[in-house]
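Here the protein sequences line up with chains A and B, keeping their order.
Going by this note's numbering, the first sequence opens with residue 139, and the numbers climb by one from there.
Going by this note's numbering, the second sequence opens with residue 20, and the numbers climb by one from there.
Cβ coordinates follow ideal geometry from the N, Cα and C atoms, glycine included.
Keep in mind that this is a model prediction, so the values were computed, not measured.
The structure appears right after this line, and notes come after that.
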Amino acid sequence: MRLAALRYLVLALLLACGDRKASPPLPASSASTPPASLPAVAHPERGAAWLAKYECARCHTGERLEPPPAAKRCVGCHADILAGRFDAPPSMLTEWRPRVARLPAAPSLDVAGFMLRRDWLASYLLKPHDLRPHLDATMPRFGLTPQDAVDLAAQLAPTRAPTEAPSRDLVPEGRRLFAAKGCGSCHAFTGTGDGTPSEPPSGAVLAPDLRHTRDRVVAGRLSSFIRSPRSVVPSATMPRIEMTDDESEALAAFILFASLAPVPPPSAPPRLPVLSRRVGWPEVRDRVFRKVCWHCHAQPDFARGDGGPGMSGGFGYPGRKLDLSTYEAIQSGYLDDDGELVSLFTPSEDGTPRLLQALLNRQLEVQGELPAMRGMPLGFPPLPPEDIQLVETWIAQGRPR
Amino acid sequence: MGTTRWMLVLGLGLVGVGLAPHEVQACGNGVEERLNEIVTNLAKAERDVNQGRPLQAGRTVLATYPNLRELKPARNGPSDRAMRTMALAIVRTEAKLDLKPGFSGATQEQRAGNLVWAQRMLRAFSQRSGRDAAAETAYAEAIALSPARRAEAMRILTRLSRADLLTSPQGYATLSRLYEPVEEPGTPAFLHAARMTLNLGRQRLADDRCRRMAGEAQTICMPLES
Numbered sequence: 139m140r141l142a143a144l145r146y147l148v149l150a151l152l153l154a155c156g157d158r159k160a161s162p163p164l165p166a167s168s169a170s171t172p173p174a175s176l177p178a179v180a181h182p183e184r185g186a187a188w189l190a191k192y193e194c195a196r197c198h199t200g201e202r203l204e205p206p207p208a209a210k211r212c213v214g215c216h217a218d219i220l221a222g223r224f225d226a227p228p229s230m231l232t233e234w235r236p237r238v239a240r241l242p243a244a245p246s247l248d249v250a251g252f253m254l255r256r257d258w259l260a261s262y263l264l265k266p267h268d269l270r271p272h273l274d275a276t277m278p279r280f281g282l283t284p285q286d287a288v289d290l291a292a293q294l295a296p297t298r299a300p301t302e303a304p305s306r307d308l309v310p311e312g313r314r315l316f317a318a319k320g321c322g323s324c325h326a327f328t329g330t331g332d333g334t335p336s337e338p339p340s341g342a343v344l345a346p347d348l349r350h351t352r353d354r355v356v357a358g359r360l361s362s363f364i365r366s367p368r369s370v371v372p373s374a375t376m377p378r379i380e381m382t383d384d385e386s387e388a389l390a391a392f393i394l395f396a397s398l399a400p401v402p403p404p405s406a407p408p409r410l411p412v413l414s415r416r417v418g419w420p421e422v423r424d425r426v427f428r429k430v431c432w433h434c435h436a437q438p439d440f441a442r443g444d445g446g447p448g449m450s451g452g453f454g455y456p457g458r459k460l461d462l463s464t465y466e467a468i469q470s471g472y473l474d475d476d477g478e479l480v481s482l483f484t485p486s487e488d489g490t491p492r493l494l495q496a497l498l499n500r501q502l503e504v505q506g507e508l509p510a511m512r513g514m515p516l517g518f519p520p521l522p523p524e525d526i527q528l529v530e531t532w533i534a535q536g537r538p539r
Numbered sequence: 020m021g022t023t024r025w026m027l028v029l030g031l032g033l034v035g036v037g038l039a040p041h042e043v044q045a046c047g048n049g050v051e052e053r054l055n056e057i058v059t060n061l062a063k064a065e066r067d068v069n070q071g072r073p074l075q076a077g078r079t080v081l082a083t084y085p086n087l088r089e090l091k092p093a094r095n096g097p098s099d100r101a102m103r104t105m106a107l108a109i110v111r112t113e114a115k116l117d118l119k120p121g122f123s124g125a126t127q128e129q130r131a132g133n134l135v136w137a138q139r140m141l142r143a144f145s146q147r148s149g150r151d152a153a154a155e156t157a158y159a160e161a162i163a164l165s166p167a168r169r170a171e172a173m174r175i176l177t178r179l180s181r182a183d184l185l186t187s188p189q190g191y192a193t194l195s196r197l198y199e200p201v202e203e204p205g206t207p208a209f210l211h212a213a214r215m216t217l218n219l220g221r222q223r224l225a226d227d228r229c230r231r232m233a234g235e236a237q238t239i240c241m242p243l244e245s
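Shown next, in the form of structure tokens:
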């Protein structure tokens, strides 16, 4: 545990330094700025093994991925529930739909193979941030080392022949076409004043905020993707929109070179005071633990699936035997790196119980920080302050059952 | 291969299909509790045994698994949960539970037999789970009912308590009872008094934790009748 914490502290410092020193050609959000230094040598063959180790197929599809066993299909299961294919009574499907709608789909990794920049991908894997405003979930922050990230990025984004970027002179025409073709009905483009969909179409859940595109893609490949997405990446979700080669070139220029106003990082949500009323286990269970946490932290013997990565291991993590589905299980703690049981309520240096600290750390991650202890819920927005207040109150009151 | 043999193979195959567990569904943590009647019943029994209603819990378990006494611990599964819940129900009625079939408690001998069964089950789960604070807490709670094993129970519960891994108010209630003052013939008076004072302090701490964890089910923290 200490080793992992030290590793992430070093990495956090490295990335923080990188943010200050790097001078990107165009203003972009600090969250998407790649770190200053990553290992220079990549091993794509190791990256292939990391695809399996980090269980990318739980959420993603792609030519390089083996379809996962049924118990590890996170996004596939959500899609089944949303489509009414899941074997459960309609009333339960109705109850579950709003929850699983937070992660109904994930992008195909084949898009990465076609046009993502390898250095950006490696840094993103180490410091994931929100790219898709219509999708609640984001890429989880895995336990990757910088070398793992570089290897994985090399596997996903192979070396490509150089291609010519569009001319900056096309930006005004691209801006006009962006409005004319309706790109902004699906895509946000923060910092430009363009593309602010209030109610995007249901199929646009994966549409990224184009602010990050200049960091993400190989400039010369964007135009052909815009022109005919599914011709170059058959699994792409973006529909084909009629346009000429010149028009796609101008749109690519606008996306890559339009001036971007700085966007402040998300502000820290308020830390609400401990409640004076009584908070019992049923309330905190129903509002927090059984709504969110037990998807990844449950007992496999009375749940379908494998108990989740937080219990049985997965996403590259060892099994921690951390079960958040019942009162007694939560009191039972988890296994640390040395295989010793540790209480979830062990206070950290400032006295904050670990369970609460993990919830607060997710807020920090969303603000662009990399706390040593990973924030929870993994890859999802932080819990609302009111829910964190509920958990904190329950702990402060002696965790009443 | 003759026709009869083919039919036998086909028949066995069909039986196999019929007995095969449901296909494991992805992402189903918690789903089973809503869809599987056995699991729903067990979840209710667990709530009862934890909320101070052990007799009700025992009844539910036996209605779900009438042959429970004949079962052996399996490797993770609803029947294990049923055995664990029944074992706790026996312990939390101080072995006075009297349920048929399989768990009659009309005579002292039957009650003692039920307690031994409960202790054996909880020991098996505790040993099998390796590091599982809930299983250890339950086991210690069970053996604390046997005077000869109170010291072992005290060791387990004290270790878990120090690591904040004691998982139930019943565990703290048991710890509190283990700190009850006892006569120590032959021990110098000053030493006995010092131990009494120390144990009373520990007992108050355990009582306090029990009451805080028990929430509305404060009866859990009351002294046993016996």
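query                                                                                                                                        : result
Beta carbon proximity, ASN69 of chain B to chain A, threshold 9 Å                                                                            : yes
8 Å Cβ shell around ALA496 of chain A - same chain, five flanking residues per side excluded                                                 : MET511, ARG512, GLY513, MET514
Segment limits, alpha helix (DSSP H) that includes ILE175 of chain B                                                                         : 169–181
Interface residues of the region 186–200 of chain B facing chain A [CB-CB below 7 Å]                                                         : THR186, SER187, PRO188
Other residues of its chain near LEU457 of chain A: CB distance less than 7 Å, five sequence neighbours each side excluded                   : Before going further, note that residue 457 of chain A is Gly rather than Leu in the sequence given. The residues are MET449, SER450, GLY451.
Simplified DSSP assignment, three categories, for PHE280 of chain A                                                                          : coil
Per-residue burial, THR399 of chain A [other beta carbons within 10 Å of its own, 16 or more giving buried]                                  : Looking at the sequence itself, residue 399 of chain A is Ala, so the reference to Thr does not match. Counting Cβ neighbours within 10 Å, ALA399 of chain A comes out exposed, since fewer than 16 surround it.
Min CB distance LEU184 of chain B to chain A below 9 Å                                                                                       : yes
Closer than 9 Å to chain B by CB, ARG409 of chain A                                                                                          : no
Backbone secondary structure at PHE252 of chain A - three-state DSSP                                                                         : helix
Which listed residue (B:TYR84, B:ALA161, B:LEU116, B:SER187) has its alpha carbon closest to that of GLU56 of chain B                        : B:TYR84
Three-pair Cβ contact test at 8 Å for the region 192–208 of chain A versus the region 241–258 of chain A                                     : yes
4 or more residues per run - each alpha helix (DSSP H) lying fully within the region 344–413 of chain A                                      : 351–354, 357–365, 367–370, 383–395
Cross-strand partners of ASP286 of chain A (DSSP beta bridge)                                                                                : ASP286 of chain A pairs with nothing; no bridge assigned.
Residue-level contact to chain A via CB, ARG228 of chain B, 9 Å cutoff                                                                       : yes
Chain A contact for ALA233 of chain B (CB, 9 Å cutoff)                                                                                       : yes
Extent of the continuous alpha helix (DSSP H) to which ASP227 of chain B belongs                                                             : 208–233
Cβ pair count under 8 Å reaching 3, the region 318–335 of chain A against the region 273–288 of chain A                                      : no
is_contact[ARG256 of chain A, chain B] using C-beta, thresh 9 Å                                                                              : no
Rounded separation between GLN138 of chain B and MET105 of chain B - CA only                                                                 : 11 Å
Proximal residues of chain B, C-beta to C-beta of SER481 of chain A below 7 Å                                                                : ALA182, ASP183, LEU184
Alpha-carbon to alpha-carbon, ASN499 of chain A and ALA406 of chain A                                                                        : 11 Å
Whole alpha helix (DSSP H) elements within the region 449–524 of chain A, 4-residue minimum                                                  : 465–469, 492–504
Local Cβ density within 10 Å of MET241 of chain B, reported as buried at 16 or more and exposed below that                                   : exposed
Below-9 Å beta-carbon distance, ARG539 of chain A vs any chain B residue                                                                     : yes
Burial state of GLY214 of chain A (16 or more Cβ within 10 Å)                                                                                : buried
Contacts around LEU315 of chain A, its chain only, beta-carbon distance under 7 Å, and the 5 residues preceding and following it disregarded : GLU385, ALA388, LEU389
Any C-beta of chain A under 9 Å from that of ARG223 of chain B                                                                               : no
LEU141 of chain B - DSSP class collapsed to helix/strand/coil                                                                                : helix
Opposing strand residues paired with PHE122 of chain B [DSSP bridges]                                                                        : B:LEU118
Local conformation of ASP332 of chain A per DSSP, three classes                                                                              : strand
Classification of PRO207 of chain A by the beta-carbon crowding that lies within 10 angstroms, buried from 16 upward                         : exposed
Contact belief for ILE219 of chain A with LEU231 of chain A at Cβ below 8 Å, rounded distance in angstroms                                   : 6 Å
Beta carbon proximity, GLU65 of chain B to chain A, threshold 9 Å                                                                            : yes
Nonlocal neighbours in the same chain, by C-beta distance under 6 Å from PRO346 of chain A, ignoring five residues either side               : LEU269, ARG270
Chain B contacts made by the region 458–469 of chain A, where a contact means CB separation under 8 Å                                        : LYS459, SER463, THR464, TYR465, GLU466, ALA467, GLN469
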